[in-house]
Structure formats: structure tokens, C-alpha cells
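In case it helps, my numbering puts the sequence shown at residues 436 to 986.
First the structure, in the form of C-alpha cells, and then the observations on it.
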Amino acid sequence: MVKYCLNIFAITALLILNSCSKERGLVKEMVALQISPAIGDITKSLVDDSNISTKEIGIQITNQLGTQLYDGNGLYENLRLIKPAGSWIVDNGSGETKEVIIKGDNAKIYAYYPFTSNPANFAGTGETSVLMVNIPREHKRDSIPDYLWCAQDRTEPSGGTVINVSSATVQLKMNHSLSLIAFVFYKSGYENPGNITRMEMKSVAGNNFFRANKEGINDLRMKLSNGELVGGTMASSVTLTNIGANISLTSDPGIIPATLFSQRNFHMLLAPTSITNRDDIEFVFEIDGSTYVAKFPGTGALNLTPGNAFILTVKLSPKSLNITGVAEWNMVDYEVSSGYDDLWYGMQPVQIGSLLWAPVNVGYDPVSEPYGLLFQWHRKYGQRYGTTNLINSKVSLDAGNDIVNKNIFYTASAPQYDWCTEYKNIWDMSTNYNPCPSGWRIPTQQEMLLLISSGETWVNPGEGGIDNLPGRWYGGNHSTDRTNSVFFPTGGLITTLGASGNRIPTMHGHYSTSTGGDLDVRYRLIITPSYSDVSTILKTIGISVRCVKDL
């Protein structure tokens, strides 16, 4: 099964401390909430980094239990988060900027997309808050929003601390409420334009699998506490109209989910549902005035879960239509700020010995960051190759791992060549410092040596590396079909002075271990066209990170 993570973007709410009253112990926040979406800009979903700044997000602030509005302030019931220009701001939905006052009590934030100012469409407080949802049984293409939700009482999606006056930097994670089915068509000997106008998805047996609007007064709604859809009515079919998509591909587009999703002709958003037998589901397409019917391929259950996407590859021939492939992308729980946009664009981890190796580097994006990001020692956040956001200063471990400073590269021009004021001999894999997804970590020096001993093969650009990059294959059939092998591209580095190099034409790769050396060095895997080895490198230098998981 191919896994994919629909876009889950991070909202970094920088709650700026403005003033303090000694008598009342109040801290005032300038609620020009600054938003930082997840790293990466490839379009994988309907709301992502490329368009989030044009969206409006609703937020509600309550006590930590989610039982009443924070401090009993009715202002916090339904605020709007927008980015008209520059920084994100919070207003009342009518353009009037508002402030949020944080006192000593712990807070919880509920968020949703799309924002509504209509009290008939948003109701409740905290755990009982709901957003009215519009999913007609028959609807036009792209007419259903990609509904998102969040309920968070910690400063980070996983880990972090409670939200209060002492810890008011909050990174929200928005979650998908709906499931998605996308279609990629290609012609095989078909001469007509291939204009798709209508599609129906239905149960052949007439089972009511699909949740949709209730006729008359619709009561379909999304809970902000967990994203669950309740109310509405169950139907045996859903229909998409006014599609207006033309088929341009003339060959099979392959099986890579990221490529397929970008080539989709259209998609349909659905309420999550569980279907016992997928062969009970069929699609009816209208193309160039003719009707084509195709069953959902395969056998067994079909589970359309929140944030889950199925991408169907469809071949149109002169006299027939067949669904030739199914790619499933599943949402996973991960630390969005690490730079992972999914786990991992349809690629699977590789087992070598007693470890699972991630197939790509932290921060990988097939379009913008095929080499991944580059990490200074013991920092959760990596920087892009070629970064110019440099500061020549040593800072504390916590400051270097504060999300506010995630895009800063700290340079060092004199011994000791370390960005951090604190000496660490082992990279702490707790949430605050680990750039890997939950359950994954950075390999040790010894584990890198074992990787080399599993066998290796160098490839030049265009000779079979992932994304046609230069690098080395390790383990498995590294010199033949690369089955059970993992690829390490030569991503270069960022020097102690902040200069990026070693990538092209030098083709050197450097991969951090979690093992530190004396004072200002750490152990790393170095990759060149002629050899690979494990040796030390300065901690300030930014290098690649590849994650592993214990079996």
C-alpha cells in the first residue's frame, strides 16, 4: 500500500508579549498572530503552502478543558485569522483587529477552515463547538471546501507545554476532516477530445454509504474537538457535475502518488466512510456525451478516512474505460515543523538489518527540496541550501530550537566552532530537538558504519538515483534493481560562515549521526563519488539528516 500524507500545514502563532501588570499578573498579547505554514510548497492538497495565505481561518480560545471561553471573554468565541499583507492578523471577521489577553490560566485553541462570521454556521464552545458543513449529494466540481479542524492545548502538536503566560508560542496543526478521491485519465487509441462532464459514485447494491446534506434544514456539521462529521443523511450515491475536464495524457502516468496527484483531471471530497466490499462501488462517467461504467478495482474493504486520498488511474479506449491503478495516500501523525510533508510521497521505508531507513532526507520535497534540508548539530529545524538568513552569534540550545528561529542559520567565525553555548555529546531525541517524525530518530555513528557494510554503489546524475540525483545506494540489491536498498543523494553542506557548497559539481554528501565528538565536532557519514566513510565534522556546519526507526 502506498502511503501519502494529505497536506497537514502548521500554524505558528507567535503570541507577542506586550505588557504586564504586577497587580493583576496579566500578560497582554498583540494578536497580530504571525503564521508560518509547513515547509514545502508542492501542491498535494486543496489547502497548502502555495495558497494558505489567501485563506481565512476561524479560531476560538477557551480554558484548557474546553468548557468555557477563556477568561469568560465573549470576544474569543469566533475570531478570524487572515493575511491581508505581510504578517497574519486576528480580527473580528469585519476587519477590526483584536487583541487576546493571556492571564495565568491555561488556554486551549480550537481552529477551523473555512472561516464563517454567520452565527448560524458556527456554534458551541470548545468541546461542543461545531461548524456547519455543506456536502450536497449532487454538487458542482470544486464546490466543497477542504474542511480543516484543530483542538490543541499544548504549544506543539505533540509534546510542548501547556499554553499560558509562560509559554505563549503556539504551533497549531490543522487536520483534514474529509477524504478525497482523485482521477487521472489517459487515452489509449481514443481520438475524441475526452471532455469529462459528470461522474457518479454509487453502491451497486444500494447501500447508504455516503453522508451528505439533509434535505430541507441541513444539520450536517463538523466537530472542532475531533473533526468528526455528524448529522446529515446517508445516501447510496454522490454525484459530481460541471466537471469540464479534458483528457490530455496519452500514456500511463505511472504509480508515483506525487506525480499522479499533480496530474489529476478532477477530484471529489467525501465524508469519511467504511465500505465492507469495494467491489460494491462503481463509477459512472459521462465523457464526450457517452456513458462509461467502471467498478472500483480490487477486493476487500474500502476505508475512506479523514485526510486519506485514493488516486485512480483510468484508461479510456475507443470502446471501453478501465481503472488501471489505485494509489492510496494516508495521513500520518508527524511533527510538521520537521520539514516532512508526507511519509514520503508514496515511497516506502527500507529495512536494513534491525532498522527501518526513511527513503528520503528530512525536508524532502520532489520539486523544491529533492536533497532535503541541512541541519546544524542538535537543531530540530533545518535550513535550505543557499540560505542567506544568517546570524553570527552563539545562542542557547532552547533558542536554537525555538520555532521563532527555525529559518536562521547561526554562523561561527572562531573556535569553538559551535552555534550553541551548551556542549552536548549526544543529540537528544526528545520532541523539542528531534527533526524526525514521531517514532523515528537520527542514526548513531555505529549504525552508519553498519549501513556502509551492507554494501554500496555510486550513481552519477541521471543513472538511477531518486529524482535522478547523484549519490550512493546502500543495502539490498544496491548494484542491480535496488530492491531493499536505500538511496543517499549528495546534498552538500552549509559552512560555518553560512556559505552553501559541496553539492554541484563536487557531489559530496554529509549525513549527521546522533553521536557527538570532542567539543565542537560530531560524527557524520560522508559520501563522495569514490568512497563513503564515517568521520567528524564541525557541529555548526549544516548537513543532511536521514531518519531511522527501530524494529
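Beta carbons are placed, not taken as given, at the ideal position from N, Cα and C, and that holds for glycine.
* Asked: Just how far apart, CA to CA, sit F550 and S529?
  -> The alpha-carbon separation between F550 and S529 amounts to approximately 12 angstroms.
* Asked: With respect to the beta strand (DSSP E) encompassing L1009, which residues constitute its N-terminal and C-terminal limits?
  -> As displayed, the chain neither begins before 436 nor continues past 986, which places residue 1009 out of reach and without an answer.
* **Limits of the alpha helix (DSSP H) - the one that G530 falls within** => Where G530 is concerned, there is no enclosing alpha helix (DSSP H), given that its DSSP letter is neither H nor E.
* Asked: Hey, how far is the Cα of Y946 from the Cα of I976?
  -> 11 angstroms
* Asked: Which term fits P554, buried or exposed, when burial requires 16 or more other beta carbons within 10 angstroms of its beta carbon?
  -> exposed
* Give every residue of the same chain whose Cβ lies closer than 8 angstroms to the Cβ of Y1015, excluding the five residues on either side of it in the sequence, and list them in chain order. => There is simply no residue 1015 to check, as the chain begins at 436 and stops at 986 in what is shown.
* Between which two residues does the beta strand (DSSP E) containing Q786 stretch? -> V785 to I787
* **P924: first and last residue of the uninterrupted beta strand (DSSP E) it sits in** => V921 to P924
* For S686 versus Y621, is the C-beta spacing smaller than 8 angstroms? -> The answer is yes: Cβ separation under 8 angstroms.
* To do: Using the DSSP secondary-structure output, state which residues sit across from K538 in a beta bridge.
  => DSSP, once it has assigned bridges, lists no residue as partnering K538.
* Asked: So T632 and E721 are in contact, right, with Cβ under 8 angstroms, and what is the actual spacing, rounded?
  -> 5 angstroms
* Asked: Between the stretch 937-952 and the stretch 852-866, do at least 3 Cβ pairs fall closer than 8 angstroms?
  -> yes
* Asked: How about P805 and D902: do their beta carbons lie closer than 8 angstroms?
  -> Their beta carbons are under 8 angstroms apart, which means P805 touches D902 by this criterion.
* Range of the contiguous beta strand (DSSP E) that encloses D985 -> V983 to D985
* Asked: Where does I502 land, buried or exposed, given buried means 16+ other C-beta within 10 angstroms?
  -> Going by the sequence as given, residue 502 is Thr instead of Ile. Classification for T502: exposed.
* DSSP on G507, reduced to helix/strand/coil? -> helix
* Asked: Taking C-beta to C-beta, are L808 and G821 nearer than 8 angstroms?
  -> Annotated as distal: L808 and G821, with beta-carbon spacing of 8 angstroms or more.
* **Best match in A693, T590 and L514 for proximity to Q606 [C-alpha to C-alpha]** => T590
* I536 versus I838 - alpha carbon distance -> 22 angstroms
* Taking the C-alpha atoms as reference points, what is the distance between C982 and G890? -> Near 19 angstroms, if we compare the C-alpha coordinates of G890 and C982.
* Sequence-distant residues of its chain with Cβ nearer than 6 angstroms to L791 (five each side left out) -> Only P784 and K984 meet the Cβ criterion.
* Asked: What three-state label does DSSP hand P1001 in the structure shown?
  -> The chain is shown from 436 up to 986; residue 1001 falls before or after that span and cannot be answered.
* Fully enclosed by the stretch 856-907, which beta strand (DSSP E) runs are 3 residues long or longer? -> 891-894
* Inspect the beta-carbon positions of T713 and L695 and report whether they are closer than 8 angstroms. => With the sequence shown as reference, residue 713 is identified as Arg, and Thr is not the correct amino acid for it. With respect to the 8 angstroms criterion, R713 and L695 are not classified as neighbours on the basis of their beta carbons.
* Residue(s) in a DSSP beta bridge with N677 -> The partner list for N677 (beta bridge, DSSP) is empty, contrary to what the question assumes.
* Limits of the unbroken beta strand (DSSP E) element including D968 -> S967 to L973
* Are there 16 or more other CB atoms within 10 angstroms of the CB of V802, so buried, or fewer, so exposed? -> exposed
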